[in-house]
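Student:
This is the structure:
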């Protein structure tokens with residue numbers, strides 16, 4: 020059987036022998052798959068987790084190669100690596116991976132009926148550890164996982180110690196506790212364990228001495244006092260308080276009285292739909308609930324305000340009442356209360372539980388810890404559900420957890436209470452927006468299926484504006500119900516206005532008001548987090564990267580990351596991919612509101628800083644992609660904006676790829692806010708990227724936007740540049756008449772401006788169009804005019820391109836020897852000025868000339884040189900052309916197999932980018 024070891028040096032064993040897994044980066048791929056064994060992992064997620072920002076130039080191809088090798092390595096041992104629509108799935112049993120065995124064992128230990136059953140499970144789990152987890156592997160994501168695993172081992176060690184102490188085995192854990200306390204001098208849980216073990220071993224003085232030592236270190240290093248639990252333990256040791264032993268549960272009840280059965284759940288929500296996956300997960304958490312020794316199950320349901328956490332919990336609870344025959348306890352902890360009421364103190368909540376459990380007032384202990392102990396004693400051995408709704412933080416709910424293995428706890432909170440995972444083995448369940456079908460069904464239940472079916476367009480508009488938020492849909496439903504005779508289209512039209520949408524999502528009550536739901540979460544933020552939240556609302560695009568935020572805010576990276584964690588923990592933002600953050604659509608509108616109301620510099624100024632960041636960084640990226648482009652530098656950026664330097668071509672291409680959608684939104688935003696200069700310059704900056712990657716549609720759209728912006732600005736040079744850019748893209752996609760028209764407009768404008776370099780650029784474009792139209796003589800005339808103008812101005816990059824164009828046209832006209840001369844000059848000049856892109860094009864042309872002279876070996880050599888260069892800067896259009904030409908030369912050599920291979924490569928890229936040669940390639944391939 021194949022066995023994978025992650026809890027130490029990463030390795031695999033089979034039949035008592037190690038299995039060779041390849042080099043470290045390939046092992047990282049396997050580790051990521053093993054950590055998620057049994058769940059598919061997408062290629063994008065694998066790339067992020069293995070390489071993060073250090074993605075190699077051909078990262079996806081490298082990943083596929085690693086996966087192929089791993090598949091060949093693992094399959095002989097029965098471990099299958101399969102590709103599915105949603106990613107790659109490693110099919111191995113849980114028992115084959117020590118990490119998953121560890122988690123299963125610790126889970127069973129925490130769910131055990133008693134400590135005597137739990138301790139052997141904890142010991143077996145901890146015995147799986149062989150040292151530093153994932154040793155020998157490194158990536159930012161794996162480093163995070165490594166830290167998480169250390170935390171899990173630490174939590175298991177502490178839980179095991181607690182179990183030893185509860186079973187009176189303090190003598191067994193005492194030898195290890197002093198060293199543990201020395202390694203973690205500020206950990207109050209460890210300090211408490213050591214103090215209790217010392218006290219129960221007859222060493223009360225040593226226990227008190229250790230308390231004073233911890234007290235001093237906390238004061239000196241953190242400036243705080245010990246927490247309340249440690250202070251109480253200290254006081255009880257001072258007084259030899261018998262409360263260190265739990266009171267008898269029956270002593271607080273009248274003699275002969277039976278324990279009452281509390282039924283505190285609020286009513287089941289009337290309109291509930293969807294959430295099938297989440298309901299199934301809650302069911303799964305209780306698998307084995309009828310088996311002897313069922314343990315405490317703690318599920319924490321989190322999500323943004325209005326996402327439906329409480330409704331989910333109440334719906335599930337009412338569906339499962341028969342599983343909790345001894346009663347249900349419920350408390351609204353008011354952690355985030357729209358009325359402004361403070362959170363409920365744990366002491367108040369537990370007092371309410373004692374009342375529900377039938378404890379007479381005179382029998383309630385005065386000490387809060389004694390009350391909590393009594394509560395835990397009264398629910399011991401009872402099959403009860405405890406719902407802790409709207410929790411503020413971990414500390415508030417932890418005090419209310421039962422100690423019994425027979426109870427189930429459901430917690431809801433707007434904060435991600437991740438601390439409960441490590442300290443109590445809780446399961447986190449984060450709610451996202453409703454799916455389209457779920458949202459449609461919820462609205463139909465509110466307004467009636469017939470009414471909704473009668474106005475499908477209005478329903479579609481309402482759902483789009485509610486963006487899947489259950490509270491928003493319910494508010495819309497409530498408003499529609501108050502005016503049953505009004506068309507739904509009236510309400511849909513009201514919600515269409517973004518500036519008033521949150522006003523429309525108010526049913527007249529704080530509990531049915533989307534803005535109020537966001538305000539409660541917002542008011543709990545630190546000032547820094549509120550500032551970042553506002554900026555994220557102003558930022559263009561569906562999401563924003565960490566670098567962009569850092570560039571705008573100019574905060575140190577650790578401070579910004581901590582602030583983003585605060586927002587993420589509050590469920591006000593999401594992190595769909597590492598370092599990428601997004602807001603819910605309605606939360607974005609709320610963030611914009613807060614920015615307009617609170618920012619001293621005004622939301623418009625903050626928005627321009629964001630656009631400045633993208634403009635400056637895009638300009639840098641464009642120069643990295645094509646260092647020889649004619650540059651148009653934007654004006655000086657606003658204070659506080661720090662654009663990314665982007666060290667090289669690959670970094671620029673990666674940045675453009677990731678920020679593609681955001682840059683399009685930034686251009687739209689600049690136009691909407693009447694910042695035409697920003698819009699034009701952004702459109703200019705993305706032009707090279709669109710050209711390289713074949714994004715013809717986006718290129719066309721943004722250049723039309725740029726042309727209109729230039730017209731509004733009255734900038735003749737910018738108008739001409741936009742016409743020339745449109746000429747380029749229309750010629751790329753084969754719309755030659757439109758391309759020619761735009762080039763002619765550009766030439767007229769440049770002649771009026773006296774801009775000879777740009778006239779030359781435009782003549783080259785006109786030559787390109789004429790060549791595509793089969794008018795090579797006219798094309799050659801334009802290319803020669805361009806060369807003359809470039810020589811007059813000393814534009815060496817332009818000269819090299821014009822020489823290449825003239826060489827190519829001589830091939831078309833049959834003068835292949837002349838073509839060799841011009842193309843060779845183009846290669847040499849491009850090499851002299853270090854223009855790799857121009858050199859690639861010249862080698863391609865030179866190869867084409869050799870091909871027509873039947874000098875096929877020379878042609879192949881030239882094409883291969885061109886291909887190496889072209890792949891180095893990612894020009895997909897050029898790569899298509901070169902593969903096409905390679906195929907033609909192989910075909911001339913009667914090497915059909917290589918010819919078809921090259922044509923297939925060309926067609927694959929051509930199909931992807933919409934290259935006009937697709938039909939010709941299919942014809943050659945017989946497709």
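In the numbering used here, the protein residues as written are 20 to 946. Even glycine gets a Cβ: it sits at the ideal position worked out from N, Cα and C.
1. From residue 929 to residue 897, what distance separates their C-alpha atoms?
2. Buried or exposed for residue 542, going by 16 or more other Cβ atoms inside 10 Å?
3. At the level of alpha carbons, what is the spacing between residue 32 and residue 177?
4. Could you please give me the residues that DSSP links to residue 110 through a beta bridge?
5. Using the Cβ count rule (16 or more neighbours within 10 Å means buried), how would you classify residue 915?
6. In chain order, which beta strand (DSSP E) runs of at least 3 residues are fully inside the segment 458-497?
7. Just to confirm the assignment, what range does the alpha helix (DSSP H) spanning residue 527 have?
8. Quick one: what does DSSP say residue 60 is sitting in, helix, strand or coil?
9. If you draw a straight line from the alpha carbon of residue 643 to that of residue 861, how long is it in whole angstroms?
10. Between residue 339 and residue 304, what straight-line distance do the alpha-carbon atoms span, to the nearest angstrom?
11. What does a CB cutoff of less than 8 Å around residue 448 pick up in its chain, not counting 5 residues either side in sequence?
12. Between 913, 907, 917, which lies nearest to residue 939 when the distance is taken from Cα to Cα?
13. Taking the C-alpha atoms as reference points, what is the distance between residue 398 and residue 422?
14. With a 10 Å radius around its C-beta and 16 neighbouring C-beta atoms as the bar for buried, classify residue 413 as buried or exposed.
15. So, are the CB atoms of residue 812 and residue 775 less than 8 Å apart?
16. Mapping DSSP to helix, strand and coil, what is residue 37?
17. With a CB to CB cut of under 8 Å and the five nearest residues on each side skipped, what residues in its chain are close to residue 50?
18. Decide if the segment 449-463 is in contact with the segment 333-348; the criterion is three or more beta carbon pairs, one per stretch, under 8 Å apart.
19. Determine the direct distance from the alpha carbon of residue 631 to that of residue 657, and round the result to whole angstroms.
20. Would you kindly work out how many angstroms separate the C-alpha atoms of residue 883 and residue 676, rounded to a whole number?
21. Looking only at its own chain, which residues have a Cβ that is under 6 Å from the Cβ of residue 822, when we skip the five neighbours before and after it?
22. Please report the Cβ distance between residue 784 and residue 743, rounded to the nearest whole angstrom; I am assuming they are in contact, meaning their Cβ atoms lie under 8 Å.
23. How is residue 282 classed by DSSP in three states: helix, strand or coil?
24. Cα separation between residue 934 and residue 923?
25. If I measure Cβ to Cβ from residue 127 and keep anything under 6 Å in the same chain, skipping five residues before and after, which residues do I get?
26. Go through its chain and collect everything with a Cβ distance to residue 545's Cβ below 7 Å, but skip five positions before and after it.
27. Which residues in the same chain as residue 185 place their Cβ atom closer than 8 Å to its Cβ, once the five residues preceding and following it in sequence are excluded?
28. Unbroken alpha helix (DSSP H) runs of length 4 or more, entirely within the segment 748-779: which are they?
29. Using 8 Å as the cut-off, can you tell me whether the segment 179-196 makes contact with the segment 67-78, which would need three or more C-beta pairs spanning the two stretches below that distance?
30. I'd like to know whether the C-beta of residue 932 is nearer than 8 Å to at least one C-beta of chain B.
31. With DSSP run on the structure shown, which of helix, strand or coil describes residue 360?
32. Tell me the start and end of each unbroken alpha helix (DSSP H) in the segment 392-457 that is at least 4 residues and wholly inside, in chain order.
33. Bridge partners of residue 563, per DSSP?
34. Looking only at DSSP bridge pairs, what is residue 319 linked to?
35. For residue 7, count neighbouring Cβ atoms within 10 angstroms of its own Cβ and tell me buried if that reaches 16, exposed if not.
36. Going by the DSSP bridge assignment, what does residue 160 pair with across the sheet?
Tutor: On the basis of the coordinates in this document:
1. Between residue 929 and residue 897, the C-alpha separation is close to 10 Å.
2. Flag for residue 542 reads exposed.
3. Cα to Cα, residue 32 sits roughly 30 Å from residue 177.
4. According to DSSP, which records beta bridges pairwise, residue 110 is partnered with 99.
5. Burial call: exposed.
6. Listed in chain order, there is nothing to give.
7. Counting along the chain, residue 527 falls outside any alpha helix (DSSP H), and DSSP gives it neither H nor E.
8. Correct three-state label for residue 60: strand.
9. Each residue's Cα considered, the two are about 20 Å apart.
10. Straight-line spacing of the CA atoms in residue 339 and residue 304 works out to 13 Å.
11. Excluding positions up to five away in sequence, the list reads 297, 300, 301, 318, 319, 320, 321.
12. Nearest of 913, 907, 917 to residue 939, Cα basis: 907.
13. Going from the Cα of residue 398 to the Cα of residue 422 covers about 8 Å.
14. With 16 or more other CB atoms across the displayed protein chains lying within 10 angstroms of its CB, residue 413 is buried.
15. Using a Cβ distance threshold of 8 Å, residue 812 and residue 775 count as a contacting pair.
16. Correct three-state label for residue 37: strand.
17. 25, 29, 153, 156, 161.
18. Look at the beta carbons and you see the segment 449-463 not touching the segment 333-348: under three pairs across the two are nearer than 8 Å.
19. So the two alpha carbons sit approximately 7 Å from each other.
20. Between residue 883 and residue 676, the C-alpha separation is close to 26 Å.
21. 841, 844, 845, listed in sequence order.
22. Confirmed, Cβ separation roughly 6 Å.
23. Correct three-state label for residue 282: strand.
24. Put simply, the backbone Cα of residue 934 is about 14 Å away from that of residue 923.
25. These residues qualify, in order along the chain: 140.
26. Correct list, in chain order: 585.
27. So the qualifying residues of the chain are 134.
28. Complete alpha helix (DSSP H) runs here, min 4: 755-772.
29. Fewer than three pairs of CB atoms, one per stretch, sit closer than 8 Å, so the segment 179-196 makes no contact with the segment 67-78.
30. Judged by its chain identifiers, the structure shown contains no chain B, having just a single protein chain.
31. Residue state, collapsed to three classes: coil.
32. Counting only runs of 4+ residues, the alpha helix (DSSP H) found wholly inside the segment 392-457 occupies 413-417, 438-443, in chain order.
33. As a beta-bridge residue in DSSP terms, residue 563 pairs with 600.
34. Per DSSP, 430, 447.
35. Within the shown structure, residues of the chain are numbered from 20 to 946, placing residue 7 beyond reach of any answer.
36. None, per the DSSP bridge assignment.
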